[in-house]
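Residue numbers (the numbering used here): 456 to 848.
Take a look at the structure:
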């Protein structure tokens with residue numbers, strides 16, 4: 456089986472983890488700050504807060520921006536459920552902005568229309584969470600301009616997009632957002648096994664996320680409610696969580712980060728090869744990121760005939776191609792239907808979902824593997840190809 460995604464672990468990664476295993480610190484040591492510094496420098500941002508998952512990072516970001524009961528948060532319906540769940544963890548109400556049915560990215564036009572209506576109804580969101588699907592940046596300049604108009608905070612869900620750029624600058628620099636979040640899950644661009652990171656240029660937001668990451672505990676005398684009892688003393692000043700990243704994970708992340716350019720180049724090459732191999736098939740290939748360079752976490756094709764999607768998917772799986780679908784619209788999940796959402800609410804997202812299949816995409820994907828994918832896909836599409844040929848005749 457050729458998987459849709461997988462990690463690349465080399466001897467340097469293994470050695471980095473072994474070094475930590477033989478050190479004095481398995482957690483709360485020097486590697487986590489080193490990893491945070493390396494990512495902040497890569498992204499040209501002031502602060503980076505490493506955590507145990509991107510889901511945790513999204514939750515911390517919402518908390519830092521003061522999201523709570525009575526607030527409203529909007530995100531994209533085409534994403535993993537964590538992009539919406541993070542608002543619910545804080546007691547807020549969640550809603551969605553429809554996507555462009557061609558790209559799966561948040562539609563600026565849909566956002567503008569929804570904001571105008573929400574302003575009239577006095578139901579504006581406190582926070583907007585655009586999602587950089589597949590490693591492609593959303594149109595952040597336009598999204599930011601709209602949010603500025605209505606005084607809405609922005610969290611970029613860039614779980615797919617470390618190494619991507621937008622308008623010549625790295626995704627993660629927070630030029631058009633308050634906080635940006637990365638994921639380091641094994642199928643992502645780089646991995647820490649499980650892990651994530653929140654980035655910001657705001658020192659107050661960084662301090663809040665650092666505090667909530669570790670139980671709401673501080674050892675800083677300036678934040679305490681009474682004089683310190685001694686060097687051992689700490690205070691829990693807020694209700695926080697155990698969202699820390701371990702030293703082992705940080706060491707792996709640091710090692711992986713050295714190879715980020717290599718991983719990105721391999722993905723770019725794989726994209727170019729797919730474009731050549733699949734160009735004559737009855738489907739729509741993903742286009743380059745808007746006004747930037749994609750990290751190409753996913754390679755999402757769209758079938759011309761949505762009714763054939765299940766048959767094509769099953770044929771590819773039967774041929775040993777580990778395809779997937781990214782994503783089932785969040786608002787159609789049973790839990791979210793219990794909140795009042797239903798099929799038909801976001802037609803752009805539902806149209807996008809109905810046609811998509813994610814083909815294998817990862818750094819170790821070879822050209823012969825891609826040829827195997829292309830052959831299996833062509834075989835699966837033969838009924839469509841035959842119909843097209845008959846109609847032309």
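For every residue, glycine included, the Cβ atom is placed at its ideal position computed from N, Cα and C.
Nothing here was measured: the structure is a model prediction, and the numbers come from that model.
Cβ contact check for the region 703-721 and the region 479-495: 3 or more pairs under 8 Å: yes
Rounded to the nearest angstrom, what separates residue 737 and residue 810 at their Cα positions? As a position in the chain shown, residue 737 is number 282, starting the count at 1. As a position in the chain shown, residue 810 is number 355, starting the count at 1. Taking the straight line from one Cα to the other gives about 12 Å.
Distance, Cα to Cα, residue 701 vs residue 482? As a position in the chain shown, residue 701 is number 246, starting the count at 1. As a position in the chain shown, residue 482 is number 27, starting the count at 1. So the alpha carbons of these two residues sit roughly 5 Å apart.
Endpoints, the beta strand (DSSP E) within which residue 550 is located: Translated into the one-based positions of the chain shown, residue 550 becomes position 95. Per DSSP, residue 550 belongs to the beta strand (DSSP E) from 548-551.
Can you give the beta carbon distance from residue 563 to residue 528, rounded, assuming they're within the 8 Å contact cut? The residue given as residue 563 occupies position 108 in the chain shown. The residue given as residue 528 occupies position 73 in the chain shown. Actually they do not touch by this definition, with Cβ atoms about 18 Å apart.
Whether or not the region 492-507 and the region 641-656 are in contact is what I'm after, with contact meaning three or more pairs of Cβ atoms, one per stretch, closer than 8 Å; do they touch? Using a C-beta cut-off of 8 Å, the region 641-656 makes contact with the region 492-507, since at least three inter-stretch Cβ pairs fall below that distance.
Please identify the residue among 476, 567, 590, 579 whose C-alpha is closest to the C-alpha of residue 600. Taking the first residue of the chain shown as position 1, residue 600 is located at position 145. Closest option to residue 600, Cα to Cα, is 567.
So, with DSSP's three-state summary, where would you put residue 831? Numbered from 1 along the chain shown, position 376 holds the residue referred to as residue 831. Three-state result, residue 831: helix.
Taking 8 Å as the CB-CB cut-off, is residue 748 touching chain C? Structure shown: chain C not included; a single protein chain is present.
Using only CA atoms, which one of 683, 838, 558, 663 lies nearest to residue 443? The chain is shown from 456 up to 848; residue 443 falls before or after that span and cannot be answered.
For residue 637, the first and last residue of its enclosing beta strand (DSSP E): Along the chain shown, one-based indexing puts residue 637 at 182. 634-638 is the span of the beta strand (DSSP E), which, as asked, contains residue 637.
Rounded straight-line distance, which links the Cα of residue 755 to that of residue 589: As a working note, residue 589 is residue 134 in the chain shown. As a working note, residue 755 is residue 300 in the chain shown. Straight-line Cα distance between these residues: approximately 8 Å.
Going by DSSP, which residues form a beta bridge with residue 625? Here residue 625 corresponds to residue number 170 of the chain shown, with the count starting at 1. DSSP lists 620 as partners of residue 625.
Which residues in the same chain have their Cβ closer than 7 Å to the Cβ of residue 807, if we skip the five residues on either side of it in sequence? Indexing the chain shown from 1 puts residue 807 at position 352. If we look at residue 807 and ignore the five residues flanking it on each side, its Cβ neighbours are 533, 554, 556, 559.
Contact under 8 Å by Cβ, residue 443 with residue 613: Residue 443 is absent from the model: the chain starts at 456 and stops at 848.
Residue closest to residue 699, alpha-carbon to alpha-carbon, out of 780, 473, 647, 597: Here residue 699 corresponds to residue number 244 of the chain shown, with the count starting at 1. It is 647 whose Cα lies nearest to the Cα of residue 699.
Is residue 617 closer than 8 Å to residue 634 when the C-beta atoms are compared? Here the question's residue 634 lines up with position 179 in the chain shown. Here the question's residue 617 lines up with position 162 in the chain shown. It is not a contact, given that the beta carbons lie outside the stated cut-off.
Using DSSP with H/G/I as helix, E/B as strand and the rest coil, what is residue 494? The count along the chain shown starts at 1 and reaches residue 494 at position 39. Note: residue 494 maps to helix in three-state DSSP.
Does the Cβ-Cβ distance between residue 519 and residue 664 come in under 8 Å? Position 64 of the chain shown, counted from the first residue, corresponds to residue 519. Position 209 of the chain shown, counted from the first residue, corresponds to residue 664. In this structure, residue 664 lies closer than 8 Å to residue 519 by Cβ.
Does DSSP put residue 689 in a helix, in a strand, or in coil? In the chain shown, counting from the first residue as 1, residue 689 sits at position 234. Correct three-state label for residue 689: coil.
Quick check on the DSSP output: the alpha helix (DSSP H) that includes residue 806 runs from which residue to which? As a working mapping, residue 806 is identified with position 351 in the chain shown. Element bounds for residue 806: 802-810.
Classify residue 714 as helix, strand or coil using the three-state DSSP reduction. Indexing the chain shown from 1 puts residue 714 at position 259. If DSSP states are grouped into helix, strand and coil, residue 714 belongs with coil.
Roughly how many whole angstroms lie between the Cα atoms of residue 710 and residue 790? Translated into the one-based positions of the chain shown, residue 710 becomes position 255. Translated into the one-based positions of the chain shown, residue 790 becomes position 335. Going from the Cα of residue 710 to the Cα of residue 790 covers about 39 Å.
Spatially closest choice to residue 569 from 551, 584, 728, by CA coordinates: Reading the chain shown from its first residue, position 114 is the one you call residue 569. Comparing Cα-Cα distances from residue 569 to each of 551, 584, 728, the minimum goes to 551.
8 Å contact criterion, which residue 831 and residue 774 should meet: CB distance rounded: As a first step, residue 831 is located in the chain shown; it is residue number 376 there, counting from the start. As a first step, residue 774 is located in the chain shown; it is residue number 319 there, counting from the start. The pair is a contact, with the Cβ atoms about 4 Å apart (cut-off 8 Å).
Label residue 747 either buried or exposed according to how many other C-beta atoms from any shown protein chain fall within 10 Å of its C-beta, with 16 as the threshold for buried. The residue labelled residue 747 in the question sits at position 292 within the chain shown. Counting Cβ neighbours within 10 Å, residue 747 comes out buried, since at least 16 surround it.
For residue 748: DSSP bridge partner residues: Against the chain shown, residue 748 aligns to sequence position 293. In the DSSP output, where bridge partners are listed per residue, residue 748 has 620.
Flag this pair as yes or no: are the beta carbons of residue 460 and residue 642 separated by less than 8 Å? Locating residue 460 in the chain shown gives position 5, counting from the first residue. Locating residue 642 in the chain shown gives position 187, counting from the first residue. Yes.
Per DSSP, residue 754 forms a beta bridge with which residues? Locating residue 754 in the chain shown gives position 299, counting from the first residue. In the DSSP output, where bridge partners are listed per residue, residue 754 has 814.
So, is residue 530 buried or exposed, given that buried needs 16 or more other C-beta atoms within 10 angstroms? For the purposes of this step, residue 530 is identified with residue 75 of the chain shown, where counting begins at 1. So residue 530 ends up on the buried side.
What are the start and end residues of each continuous alpha helix (DSSP H) run of 4 or more residues lying completely inside the region 457-503, in chain order? 466-476, 486-498
Cβ shell of residue 462 (< 6 Å), same chain only, five flanking positions each side left out: Within the chain shown, the letter at position 7 stands for residue 462. Closer than 6 Å at the Cβ level, and outside the excluded window around residue 462, lie 641, 646.
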